[in-house]
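These notes are about the structure you will find just below.
In my numbering, the protein residues as written are 736 to 825.
Here it is in structure tokens:
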């Protein structure tokens, strides 16, 4: 991360894709908050591609950020696409 920026200030998203699919974005690419909002999966729109990570503050330092994805341990399959009706499944 950038010098002088506390690692606890970061947020992270993940998109699960097939191994050979081309990346939509480069890891170093900067996106606007509007772009992030349009891509982030929500209960209202579970078909969006990006899942926000939960920051693990107990594992973060000023230099290291740690995130957990899929905390609810909901399964996924790279060839399967969710519908809005499965968002609240347990």
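Positions of the beta carbon are idealized from the N, C-alpha and C atoms, including for glycine.
When you compare the CB positions of residue i and residue j, do they come within less than 8 Å of one another, or not?
{"i": "residue 787", "j": "residue 748", "result": "yes"}
{"i": "residue 750", "j": "residue 785", "result": "yes"}
Compute the Euclidean distance between the alpha carbons of residue i and residue j, then round it to the nearest angstrom.
{"i": "residue 766", "j": "residue 753", "result": "22 Å"}
{"i": "residue 744", "j": "residue 755", "result": "32 Å"}
{"i": "residue 771", "j": "residue 757", "result": "19 Å"}
{"i": "residue 782", "j": "residue 798", "result": "33 Å"}
{"i": "residue 800", "j": "residue 746", "result": "9 Å"}
{"i": "residue 778", "j": "residue 805", "result": "14 Å"}
{"i": "residue 775", "j": "residue 795", "result": "23 Å"}
{"i": "residue 759", "j": "residue 773", "result": "14 Å"}
Is residue i close to chain C, meaning its C-beta is less than 8 Å from at least one C-beta of that chain?
{"i": "residue 754", "result": "As a matter of chain content, chain C is missing from the structure shown, which is built from one protein chain."}
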